[in-house]
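Please read the structure below before turning to the comments.
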Amino acid sequence: MRPTWPAPSITIFMGGVLYGAAMHILYGHPESGHTYKVALCLALMDETFEYRWVDVFAPREQRRADFQAVSRYGEIPVLVDDGEPWVQSNSILLHLAGKHRALGGESPQRLERAREWLFWEANRIGLSLPNLRHYLKFSDVAAPQAVLDWLHARLQFDLRRLDDEFRAHPWLLGDGPSVADIACFAYLHYDDIGLDLADYPRLQQWVKRMREQPRFVDARTALRKPA
Ligand SMILES: N[C@@H](CCC(=O)N[C@@H](CS)C(=O)NCC(=O)O)C(=O)O
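What follows is the structure, encoded as structure tokens:
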């Protein structure tokens, strides 16, 4: 039997106050590509959200109490949607796509294809790139060279896989952007570890297409610490 979707809830934005059943609160940090996936998805869907900055570099027990109360695994991002916390970035993307019937959620079949890409992302470019960036940019502990080499080689493999995909179509699901593109793009957009993409011209074009999407926003703008 063909699955059916529940009716979408309605959010009305009036004078800076959110009314309705679909208010979103996003907990995150500007350097977290996992949070950025969710922020970009909401932006491209034209969904408003309240942003709550979390000091992700502080020990877990020192982070804001409201975050600790909703973060099942202690990680960002957390999206509170209609009062219910959602965790794990790709799971949140699937939730939003299905709920709003957009960016891959237009049909159950399209969402299944998106799900495949999200599982690929979590184990491939979502593993190689964030970990390489972590060791090169943020870690107090120097990684053994063998670990860096392994991550780098794996990343090149992942970039090649994406570049090959764009031989056939401009977006991962074919004809239009989806949560699959958002997930694979999130860490690539930081461009702060000297990644050379010259060998991946189709991927470079796709990065450009992502940046040209209406309502596109970069992570450090969408997720900057409130004054
Ligand atoms: N599998 C998780 C990974 C989330 C993740 O790694 N979050 C990092 C920031 S990007 C984090 O919260 N790190 C701090 C910590 O683990 O205490 C997802 O997709 O949401």
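If you read the sequence shown in the working numbering, its first letter stands for residue 20, the second for the next number, and so on. No residue lacks a Cβ here, since even glycine has one placed at the ideal position from N, Cα and C.
_Give the residues whose C-beta lies closer than 5 Å to at least one heavy atom of ligand 3, in chain order._
This structure lacks ligand 3; its bound ligands are ligand 1.
*To which residues of the same chain is residue 162 closer than 7 Å at the C-beta, ignoring the five residues directly before and after it?*
For the purposes of this step, residue 162 is identified with residue 143 of the sequence shown, where counting begins at 1. Beyond the five residues adjoining it in sequence on each side, residue 162 comes within less than 7 Å, by CB distance, of 154 in the same chain, given in chain order.
*Output the distance between the C-alpha atoms of residue 240 and residue 55, rounded to the nearest integer angstrom.*
Numbered from 1 along the sequence shown, position 221 holds the residue referred to as residue 240. Numbered from 1 along the sequence shown, position 36 holds the residue referred to as residue 55. When the Cα atoms are used, residue 240 and residue 55 turn out to be separated by approximately 10 Å.
*asked:* How far does the alpha helix (DSSP H) with residue 198 in it extend, from its first residue to its last?
replied: Within the sequence shown, the letter at position 179 stands for residue 198. Residues 198-204.
*Under the rule that 16 or more other beta-carbon atoms within 10 Å means buried, what is residue 22, buried or exposed?*
The sequence position of residue 22 within the sequence shown is 3, counting from 1. Confidence in residue 22 is poor, its pLDDT being 36 and thus under 50, which makes the residue's placement too unreliable to answer from.
*In three-state terms, what does DSSP make of residue 5?*
Coverage of the chain is limited to positions 20 through 246, which leaves residue 5 absent and any answer about it impossible.
_Going by beta-carbon coordinates alone, are residue 151 and residue 60 separated by less than 9 Å?_
Here the question's residue 151 lines up with position 132 in the sequence shown. Here the question's residue 60 lines up with position 41 in the sequence shown. Not a contact, by the Cβ cut-off of 9 Å.
_Per-residue burial, residue 40 [other beta carbons within 10 Å of its own, 16 or more giving buried]_ = As a working note, residue 40 is residue 21 in the sequence shown. Because residue 40 sits at a pLDDT of 42, beneath the cut-off of 50, its placement in the model cannot be relied upon, and the point is left open.
*Identify the continuous alpha helix (DSSP H) that holds residue 117 and give its terminal residues.*
Locating residue 117 in the sequence shown gives position 98, counting from the first residue. 108-119 is the span of the alpha helix (DSSP H), which, as asked, contains residue 117.
*asked:* For residue 131 and residue 118, I'd like the C-alpha separation in whole angstroms.
replied: By 1-based counting over the sequence shown, the position of residue 131 is 112. By 1-based counting over the sequence shown, the position of residue 118 is 99. Spanning the two alpha carbons is a distance of roughly 14 Å.
*With DSSP as the reference, please indicate the residues paired to residue 97 in a beta bridge.*
In the sequence shown, counting from the first residue as 1, residue 97 sits at position 78. 46 and 106.
*Roughly how many whole angstroms lie between the Cα atoms of residue 237 and residue 165?*
Along the sequence shown, read from residue 1 onward, the residue named residue 237 stands at position 218. Along the sequence shown, read from residue 1 onward, the residue named residue 165 stands at position 146. It is roughly 32 Å from the alpha-carbon of residue 237 to the alpha-carbon of residue 165.
*First through last residue of the alpha helix (DSSP H) which encompasses residue 241*: Stepping through the sequence shown from its first residue, residue 241 is reached at position 222. Taken as a continuous stretch (DSSP letters only), the alpha helix (DSSP H) holding residue 241 covers 238-241.
_For residue 156 and residue 189, what's the separation of their Cα atoms in angstroms?_
Residue mapping note: residue 156 aligns to position 137 of the sequence shown, counting from 1. Residue mapping note: residue 189 aligns to position 170 of the sequence shown, counting from 1. The straight-line gap from Cα to Cα measures roughly 31 Å.
*Using the beta-carbon count (16 or more within 10 Å), is residue 88 buried or exposed?*
Within the sequence shown, residue 88 is the residue found at index 69, counting from 1. By the 10 Å Cβ count, residue 88 comes out exposed.
*Local conformation of residue 52 per DSSP, three classes*: For the purposes of this step, residue 52 is taken as residue 33 along the sequence shown, with counting starting at 1. Helix.
*Which residue or residues does DSSP assign as beta-bridge partners of residue 225?*
The residue you call residue 225 lines up with position 206 of the sequence shown. The partner list for residue 225 (beta bridge, DSSP) is empty, contrary to what the question assumes.
*When you compare only the Cα positions, how much space is there between residue 145 and residue 206?*
Within the sequence shown, the letter at position 126 stands for residue 145. Within the sequence shown, the letter at position 187 stands for residue 206. C-alpha separation (whole angstroms): 8 Å.
*In this structure, does DSSP put residue 145 in helix, strand or coil?*
Numbered from its first residue, the sequence shown carries residue 145 at position 126. If DSSP states are grouped into helix, strand and coil, residue 145 belongs with the helices.
*Using 8 Å as the threshold, is the stretch 218-225 in touch with the stretch 173-187, meaning 3 or more CB pairs across them?*
yes
_Can you tell me where the alpha helix (DSSP H) holding residue 231 begins and where it ends?_
Position 212 of the sequence shown, counted from the first residue, corresponds to residue 231. Premise fails: residue 231 is in no alpha helix (DSSP H) and is neither H nor E.
*Distance, Cα to Cα, residue 136 vs residue 199?*
Here the question's residue 136 lines up with position 117 in the sequence shown. Here the question's residue 199 lines up with position 180 in the sequence shown. Going by the C-alpha atoms only, they are around 6 Å apart.
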